[in-house]
Structures are given as structure tokens and as C-alpha cells.
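Each residue of the sequence shown is one higher than the one before, counting from 369 in this note's numbering.
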Amino acid sequence: RALLLARQLGDRNLEAWILDGIGRSYRDLGDASRSLQNYQAALTIARGLNDPKLIGVVLADMGEEYRINAEFNLALDR
């Protein structure tokens with residue numbers, strides 16, 4: 369619901385933060401695919417906003433997902 373509201377408001381920064389949070393939730397549930405989908409969406413927005421802090425947070429969270437799944441080469445590609 370928060371994601372829908374952020375989109376309705378047109379708040380791209382908030383949308384990216386929410387997507388990152390959703391990604392962490394899926395990570396905690398063990399759903400790597402959905403986790404990474406949300407991180408990628410957040411990263412696309414963060415890069416579009418040119419927000420270095422948000423980019424760093426999302427990349428760190430993505431890196432943690434790759435670490436958990438021992439996909440170290442994929443982490444390096446980001």
C-alpha cells in the first residue's frame with residue numbers, strides 16, 4: 369500500500385526507498401528472485417535521481433542478497 373501511495377504522489381525517492389524495503393523483506397523470507405527484482409527497480413530509480421546515498425544503500429542490500437546465495441560474481445557485475 370505504501371508503494372502505491374508513493375507512486376500516486378509521484379515521489380520517486382520514496383518509491384525507491386519502499387522498493388528497497390520490500391526487497392529486504394523478501395530477502396528475509398528467503399525469496400531471492402523477488403528480493404532482487406525489487407532491488408533492481410529501486411536501483412533504476414535511484415540512478416535516475418542521481419542519489420548517491422540511495423544508490424549505495426540499494427547496492428549494499430543487493431550485495432548482501434548475492435552474498436547469502438554465494439553469487440559473488442553477480443555482485444561484482446553491479
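Glycine residues also receive a C-beta, built at the ideal position from the N, C-alpha and C atoms. From a predicted model like this one, the values you see are computed outputs, not experimental measurements.
(message) For residue 375 and residue 427, I'd like the C-alpha separation in whole angstroms.
(response) 22 angstroms
(request) Look at the Cβ atom of residue 429, then the Cβ atom of residue 395, and state whether they are nearer than 9 angstroms. (result) yes
(request) For residue 387, I'd like the list of residues in its chain whose CB is within less than 8 angstroms of its CB, leaving aside the five on either flank, ordered along the chain. (result) 371, 406, 407, 409, 410, 413
(request) State the DSSP-derived secondary structure class of residue 415, mapped to helix, strand or coil. (result) helix
(request) Report the residue from 398, 391, 385, 389 whose alpha carbon sits nearest the alpha carbon of residue 437. (result) 398
(message) According to DSSP, simplified to helix, strand and coil, what is residue 437?
(response) In the displayed model, residue 437 falls within coil according to three-state DSSP, outside both helix and strand.
(message) Beta-carbon within less than 6 angstroms of residue 390's beta-carbon, same chain only, minus the 5 sequence neighbours each way: which residues are those?
(response) Around residue 390: 406.
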